[in-house]
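As structure tokens, the structure follows; a few thoughts come after it.
Chains as they are written, first to last, in the numbering used here: chain A, 925 to 1360; chain B, 925 to 1360.
Right, here's the structure in full:
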């Protein structure tokens, strides 16, 4: 980027893929980037920013390097969904400055978009769509498509509105291309248009797009007025994010930043571990309470980890299935699911308990001990299974994200109940295996 | 579907969305479905089947209800990627029958597609794409697009081939629409076409499509000959599948079938639980080996579950991050990652060990016991953390899917090492806290 090489830089930047523009721009050393944003057209800068992660605070930092006037120009040339994602990360003061630099009507529109709650359809949509009224001819609409092709985020569909701007149908570009120009578009309009509401959860929207194989889906308000469209690239991000969230929850660690330094990584893991450690202390206190029993029969100590471990595993399985069922939508009634999960717990508990009974009886040549351990295992598994199922379901009912009820939380909680069950059962049998 | 209502059925079926056609067809009672496939056009049936899950054995069962001649007609009208997915589920005998009913050249093409390994780009691609040579004019290509719009799976891009059928560029439909008919397409061809190889892993392909916001991506052989395209709807499925696999692995339960009956669900969970139970038995045996120690100091039993539980949690965190890092591609060198993970383990171990030391010392007014438990906790966490990191990495190196090293496997394994560490450390300190 030395003098005289400006044109070369501009040309080679322009030849890049949009995604590569974003990567290249973000990757420039600071002093070159401050030359670059002066040099490059607003349109190219907007392309680069449209292809960076608009929820990442590094992206907004790149915008804040420029004077507000320039930054606002870039934002205005971006797709509305990305623009709004970036603006949401500004302080309210910065946001006010930026909005004051936009035409009043546009600022108002942007503010409306900012108001949509995160993780809803409204927060994903962009407003660069194509819509027509039904009276037009195919040829007219094609002219319109050609004129707006470079602004619209997706040109695969043109939406049809009635005279009150309500969504009444959809025309695919495919149909426009394969029908004669003189035909009225009402002839090829599909009135069974699938749309979502602005307040719908993004996971539900992703499910519909995946099921129907759409490349974009329209978003309306409660009165069917078209507000925007969500394109499939945003849906890809949603599916990825949701998967990472559920996965992180199951492991009690945020896996979204795998490139953290060892220090950052440790800082993120320790709070969970220490919180669980404190919960684990209650299990230790409980065992301490049964110290008299252990003193009489030290053999009881042998099976503590077997019972807590196995019950924890069963609880984790039930948890994972419950979280997943909530994520993709349940097809059975809550009562049916509950009964089914109860029965599963019973079958799993009985089979595993029986296996433990046999193993312990033959190992220790002590049927009473085998009975105590087997019975405790059976009950502990049923309880852990039920907790693994009920906790995420209850959290979901309370409007909390069930993925937060992590696997380690369930196993640590199940340690407590398992130990209680184990020693209570052992107490009943103790007279039979002391002294053996 | 009684006589006389055939036309009504046909019309209402035709008015459905393609996805709904699939659902409706699969949802018909058996006796009505056998009327339906006689009644409906091959094209409509193919649409319905294109929108059912082509990897599901229920979908192939629906095809097998028809006579082979009819089934083959439907298959041939489907997109090649779905057709091949279905054919792959047939026995080799059934496959031979079906292929024999196709024109020879087509059967050969299908057989080539079947040969691509699962989870590669080749297994996802369809062969219904549009390609041209560079000498054409924009208007000519538009004519071609219009002619083939209904066959191609995606019309967003037209690929440009050289005279040896090698992929040399791509033209977007957007550019075709916004440039004059008389222009040579070489003027608007983007020579920086991003493509994948047929043998590439589907996860890598998904990452590229998500990064670049493509709606389709071309697939070539090693000599850049265009073989097919992968559309974004298949990528959505890949991202979903991979997420479910990783998630299932972490919980040691296959969560892909949440609608199983309680019996099926139990059958799937029991093998894992019993296998882990047997691994858990070795921990029990180990504690049994230290029975003399427990008899002398029953207080040791109190902290077994605290140490195994916390180390297990730390191991699960390390595992989840390692699996995720493998899935999305590591940006650091293996040595750096290893060192970073080691250091994280040390920091997490020291902090948690210190917390335990303080808690136990104050609770039991016994610093030696606190020291023993805290030290054991520290070492157990470091070991579990390292195992949680190393096992999936080693599995990946051996060409195995790291997600199979499940969370419960790591916690059960870590129970064993934690108990060994705990009792070994306790043995060193035993003289100090016996009799206190």
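Don't be surprised by glycine CBs; every beta carbon is placed ideally from N, CA and C.
The model shown is predicted, which means the values in this text are computed figures rather than measured ones.
Neighbourhood of residue i by C-beta, 8 Å cutoff - its chain only, sequence neighbours within 5 removed
i: residue 1024 of chain B; result: 1031
i: residue 1175 of chain A; result: 1330, 1331, 1332
i: residue 1200 of chain A; result: 1176, 1332, 1333, 1336
i: residue 1369 of chain B; result: Residue 1369 of chain B lies beyond the residue range present for chain B, which begins at 925 and ends at 1360; the question has no answer from this structure.
i: residue 963 of chain A; result: 925, 930, 933, 934
Per DSSP, the bridge partner or partners of residue i
i: residue 1121 of chain A; result: A:1144
i: residue 1155 of chain A; result: A:1140
i: residue 979 of chain A; result: In the DSSP output, where bridge partners are listed per residue, residue 979 of chain A has none listed.
i: residue 1044 of chain B; result: B:1125
i: residue 1149 of chain A; result: A:1090
i: residue 1167 of chain A; result: Answer by DSSP bridge pairing: none, since residue 1167 of chain A is not bridged.
i: residue 1114 of chain B; result: B:1094
i: residue 1299 of chain B; result: None, per the DSSP bridge assignment.
i: residue 1081 of chain B; result: B:1096
i: residue 987 of chain B; result: Answer is none; residue 987 of chain B lacks a bridge partner.
i: residue 1199 of chain A; result: Answer is none; residue 1199 of chain A lacks a bridge partner.
i: residue 1057 of chain A; result: A:1085
Residues near residue i in its chain [Cβ-Cβ closer than 7 Å; skip 5 each side]
i: residue 1012 of chain B; result: 1038
i: residue 1140 of chain B; result: 1078, 1080, 1081, 1153, 1154, 1155, 1156
Proximity test, Cβ basis, 8 Å: residue i and chain A
i: residue 1039 of chain B; result: no
i: residue 1345 of chain B; result: no
i: residue 1353 of chain B; result: no
i: residue 1212 of chain B; result: yes
i: residue 1219 of chain B; result: yes
i: residue 1215 of chain B; result: yes
i: residue 1317 of chain B; result: no
i: residue 1186 of chain B; result: yes
i: residue 1227 of chain B; result: yes
i: residue 1367 of chain B; result: Past the edges of chain B, shown from 925 to 1360, lies residue 1367 of chain B, and the structure says nothing about it.
i: residue 1197 of chain B; result: yes
Where residue i falls, given that 16 or more other Cβ within 10 Å makes a residue buried
i: residue 939 of chain A; result: exposed
i: residue 1289 of chain B; result: exposed
i: residue 1233 of chain B; result: buried
i: residue 1339 of chain A; result: buried
i: residue 1259 of chain B; result: exposed
i: residue 1237 of chain B; result: buried
i: residue 1360 of chain A; result: Only weak support exists for where residue 1360 of chain A lies, its pLDDT of 47 falling under 50; the value from the coordinates is given anyway. So residue 1360 of chain A counts as exposed.
i: residue 1087 of chain A; result: exposed
i: residue 1188 of chain A; result: exposed
i: residue 1044 of chain A; result: buried
i: residue 1074 of chain A; result: exposed
i: residue 1146 of chain A; result: exposed
i: residue 1295 of chain A; result: buried
Cut-off 6 Å between Cβ atoms - residues of its own chain near residue i, not counting five sequence neighbours on either side
i: residue 942 of chain B; result: 971, 975
i: residue 999 of chain A; result: 1007
i: residue 1094 of chain B; result: 1081, 1083, 1114, 1117
i: residue 1010 of chain A; result: 978, 984
i: residue 1214 of chain A; result: 1347
i: residue 1063 of chain A; result: 1105
Interface flag, residue i vs chain B, CB-CB below 8 Å
i: residue 1108 of chain A; result: no
i: residue 1050 of chain A; result: no
i: residue 1248 of chain A; result: yes
i: residue 1135 of chain A; result: yes
i: residue 1204 of chain A; result: yes
i: residue 1360 of chain A; result: The predicted model places residue 1360 of chain A with a pLDDT of 47, which falls under 50 and marks its position as unreliable; any figure quoted below should be read in that light. No, residue 1360 of chain A does not count as interfacial toward chain B.
i: residue 1313 of chain A; result: no
i: residue 1128 of chain A; result: no
i: residue 1233 of chain A; result: yes
i: residue 1116 of chain A; result: yes
Any non-hydrogen atom of the ligand NAP within 7 Å of residue i CB
i: residue 931 of chain B; result: Although the ligand NAP was asked about, the structure shown includes no ligands whatsoever.
Within-8 Å CB hit, residue i to chain D
i: residue 936 of chain A; result: Looking for chain D here will not work: the only protein chains present are A and B.
Using 8 Å as the Cβ pair cut-off and three pairs as the minimum, do the stretch 1133 to 1146 of chain B and the stretch 1057 to 1067 of chain B touch?
no
Evaluate contact between the stretch 1177 to 1196 of chain B and the stretch 1158 to 1171 of chain A, counting only Cβ atoms and requiring at least three cross-stretch pairs below 8 Å.
no
Contact the stretch 1293 to 1313 of chain B vs the stretch 1265 to 1279 of chain B: 3+ CB pairs below 8 Å
yes
State whether the stretch 1215 to 1234 of chain B contacts the stretch 1201 to 1211 of chain A, with contact taken as three or more CB pairs (one from each stretch) at a distance under 8 Å.
yes
Pairs of beta-carbons, one from the stretch 1269 to 1277 of chain A and one from the stretch 1287 to 1306 of chain A, closer than 8 Å: are there three or more?
yes
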